[in-house]
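Remarks on the structure that follows.
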Amino acid sequence: MLFAAVLERLGYSVDRLLARVGGDEQRPRPRSHMTLHARAGGERWLADVGFGLGLLEPLPWGDTGPHPQGGWAYRLVAVGERTWQVRERQGESWSALYRFSEEPQHASDVVVANYFTSNHPSSPFVGRPVVIRKEPHSRLRLHGRQLSRRLERGAPAHRP
600 MLFAAVLERL
610 GYSVDRLLAR
620 VGGDEQRPRP
630 RSHMTLHARA
640 GGERWLADVG
650 FGLGLLEPLP
660 WGDTGPHPQG
670 GWAYRLVAVG
680 ERTWQVRERQ
690 GESWSALYRF
700 SEEPQHASDV
710 VVANYFTSNH
720 PSSPFVGRPV
730 VIRKEPHSRL
740 RLHGRQLSRR
750 LERGAPAHRP
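Residue numbers (our numbering): 600 to 759.
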């Protein structure tokens, strides 16, 4: 919510959107991740500073890419009417990070999603630390006591 307020202060028109993490269409997860649709000067952008495994910079809306960001590459792909999916290149294939609709969400919707991810026993963010540092060519992830590092196109190496 803070980044959305900063963008608005800078003159962008911002819609808060809620996304379903992952790409499993058979067992969809709840809309629990907030991402932003920002507009200014006739241009549209997907901005997301809260998805640790995701973007290093905004994606231009409607341009499927690929969009290189450091050693990573992303796509913003239309998968339905006003429905989009963010994908990351992993080796030779593309993996879905999350999907969302263009329907703006109210602050109360975001509060409910935040409460779920912060308190529900099945949330990966409850009861253990989750820290991700994404750099141009590597990604470090601490999940509980498990530390992993992934190079831009390499296999992960885990350290207990």
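Glycine included, every Cβ here is placed at the ideal spot set by N, Cα and C.
DSSP on residue i, reduced to helix/strand/coil?
i: aspartate 623; result: coil
i: leucine 609; result: coil
i: leucine 739; result: strand
i: aspartate 708; result: helix
i: serine 717; result: helix
i: phenylalanine 650; result: coil
i: phenylalanine 724; result: coil
i: leucine 655; result: coil
Below 8 Å on the Cβ atoms is my guess for residue i versus residue j; work out the distance and round it to an integer in Å.
i: arginine 688; j: proline 665; result: 6 Å
i: glycine 743; j: proline 720; result: The Cβ separation is near 14 Å, so there is no contact.
i: tyrosine 697; j: alanine 618; result: 4 Å
i: leucine 616; j: methionine 633; result: 7 Å
Taking just the CA atoms, how far does residue j sit from residue i?
i: tryptophan 683; j: phenylalanine 602; result: 21 Å
i: glycine 726; j: serine 717; result: 9 Å
i: arginine 738; j: isoleucine 731; result: 7 Å
i: histidine 705; j: leucine 609; result: 21 Å
i: alanine 695; j: aspartate 623; result: 9 Å
i: glycine 640; j: arginine 626; result: 39 Å
i: arginine 630; j: proline 723; result: 15 Å
i: arginine 686; j: valine 678; result: 11 Å
i: threonine 663; j: leucine 652; result: 19 Å
i: lysine 733; j: glutamate 680; result: 31 Å
i: serine 692; j: leucine 746; result: 25 Å
Please name the residue in the options whose C-alpha comes closest to that of residue i.
i: leucine 654; options: Thr663, Pro667, Gly661; result: Pro667
i: arginine 643; options: Leu739, His705, Leu606, Gly679; result: Leu606
i: leucine 750; options: Ser631, Ala672, Arg628, Phe650; result: Ala672
i: tryptophan 660; options: Leu652, His636, Lys733, Arg686; result: His636
i: leucine 675; options: Ser707, Pro723, Ala646, Asp614; result: Ala646
i: valine 613; options: Leu741, Glu702, Gly690, Gly670; result: Glu702
i: glycine 690; options: Arg681, Gly670, Gly651; result: Gly670
i: phenylalanine 699; options: Ala604, Tyr611, Gly621; result: Gly621
Under 8 Å between C-beta atoms, does residue i make it to chain B?
i: glutamate 702; result: Reference to chain B is not applicable here, since this structure consists of a single protein chain.
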